[in-house]
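A.B. asks: Before I ask anything, let me first share the structure, which is written out below as structure tokens.
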Amino acid sequence: MAAELTLYTNPMSRGQIARWMVHETGVPHDVVLLDYGTTMKAAEYRAINPMGKVPAIVHRRQVVTECAAICAYLADVVPDRDLAPPPADRGDYYRWLFFAAGPLEQAIITRALGIEVAAEKRAMVGFGTYDEAVGTLEDWLKSHDFVAAGRFTAADVYVGSHVMWGLRFGSLPTLPAFEAYAARLAERPAAQSAKAADEALIAEMQAAASAS
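Each number in this note's numbering corresponds to the 1-based position in the sequence shown with 1267 added.
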């Protein structure tokens, strides 16, 4: 019998964020692995996500794409896991969830692409400068163990994934606040189980590629 939740992903993608969030919920789920350029671009999957990108989830016929949206959605539909603050206390929760999805990611990608935004154009890009975006998050994490509500929430899955990825691959500076935050999140059993699942799949893919 099919599970009520299906995760469409590739282990070498932002699908790692969605898998972590799914593991945090504890909801039984199916996983559909997609390949870049083939099944990810096929009509069957484009009917779910016309962008032909992962991750996506289908939960009780409800399609959700975009990692931040997946995190927020799953927190709401599995309330017993307490992965979101009460609605009246969600200011910081929404603030940092969408800060990471907007200014922070824009700043990181722009820098990675080698794009230098002229000073007179900075008001147009939203994040201002890379240093401003990074510094804003750093200042918050200097005085907060988690980004919202004084405890772990779904926002930490998304923000934390950016920080952990950034530290690993050098797209974020190795600042003490970031390192301490990443270390706290890495202790979560769901983060560990999701990471193990994706790393096992990556190893299989690499072995298959070497054998071909």
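Backbone N, C-alpha and C define an ideal beta-carbon position, used for all residues, glycine too.
#1: Which parts of the stretch 1367 to 1415 are runs of the alpha helix (DSSP H), unbroken and 4 residues or longer, counting only runs that do not cross its ends?
#2: Any idea if residue 1422 is buried or exposed, counting beta-carbon neighbours within 10 angstroms, 16 or more meaning buried?
#3: Provide the residue span of the alpha helix (DSSP H) that contains residue 1340, from first to last.
#4: Would you grab the beta carbon distance between residue 1299 and residue 1275 for me? Rounded to a whole angstrom, and I think it's under 8 angstroms.
#5: Helix, strand or coil for residue 1434 per DSSP?
#6: State the Cα-Cα distance for the pair residue 1297 and residue 1286, rounded to the nearest angstrom.
#7: Can the beta-carbon of residue 1417 be found closer than 9 angstroms to that of residue 1448?
#8: State the Cα-Cα distance for the pair residue 1366 and residue 1406, rounded to the nearest angstrom.
#9: Rounded to the nearest angstrom, what separates residue 1387 and residue 1400 at their Cα positions?
#10: Is the beta carbon of residue 1414 sitting closer than 9 angstroms to the one on residue 1359?
#11: Helix, strand or coil: how does DSSP classify residue 1275 here?
#12: From the DSSP output, in three-state form, read off residue 1418 for me.
#13: Which residue from 1471, 1470, 1476 and 1465 puts its Cα closest to that of residue 1284?
#14: In or out: residue 1370 buried (at least 16 other Cβ within 10 Å) or exposed?
#15: Relative to the ligand PLP, is the shortest distance from any of its heavy atoms to the C-beta of residue 1419 smaller than 8 angstroms?
C.D. replies: By the coordinates alone:
#1: 1372 to 1379, 1389 to 1392 and 1397 to 1409
#2: As a first step, residue 1422 is located in the sequence shown; it is residue number 155 there, counting from the start. Residue 1422 should be labelled buried.
#3: Counted from its first residue, the sequence shown places residue 1340 at position 73. 1334 to 1344 is the extent of the alpha helix (DSSP H) around residue 1340.
#4: For the purposes of this step, residue 1299 is taken as residue 32 along the sequence shown, with counting starting at 1. For the purposes of this step, residue 1275 is taken as residue 8 along the sequence shown, with counting starting at 1. Confirmed, Cβ separation roughly 5 angstroms.
#5: Translated into the one-based positions of the sequence shown, residue 1434 becomes position 167. In this structure, residue 1434 counts as helix in the three-state DSSP scheme.
#6: Sequence index remark: in the sequence shown, residue 1297 carries index 30 (1-based). Sequence index remark: in the sequence shown, residue 1286 carries index 19 (1-based). Each residue's Cα considered, the two are about 11 angstroms apart.
#7: The residue given as residue 1417 occupies position 150 in the sequence shown. The residue given as residue 1448 occupies position 181 in the sequence shown. Contact flag unset, no.
#8: On the sequence shown, position 99 is the one that residue 1366 refers to. On the sequence shown, position 139 is the one that residue 1406 refers to. The alpha-carbon atoms of residue 1366 and residue 1406 are separated by roughly 14 angstroms.
#9: Residue mapping note: residue 1387 aligns to position 120 of the sequence shown, counting from 1. Residue mapping note: residue 1400 aligns to position 133 of the sequence shown, counting from 1. If I take the Cα positions, the gap works out to 17 angstroms.
#10: One-based indexing of the sequence shown puts residue 1414 at position 147. One-based indexing of the sequence shown puts residue 1359 at position 92. Yes.
#11: One-based indexing of the sequence shown puts residue 1275 at position 8. Of the three classes helix, strand and coil, the one that applies to residue 1275 here is strand, per DSSP.
#12: Indexing the sequence shown from 1 puts residue 1418 at position 151. Of the three classes helix, strand and coil, the one that applies to residue 1418 here is strand, per DSSP.
#13: As a first step, residue 1284 must be located in the sequence shown, where it is residue number 17. The shortest C-alpha separation from residue 1284 is found at 1465.
#14: On the sequence shown, residue 1370 is found 103 positions in, with the first residue counted as 1. Residue 1370 comes out buried.
#15: As presented, the structure is devoid of all ligands, the ligand PLP included, so that no description of it is given.
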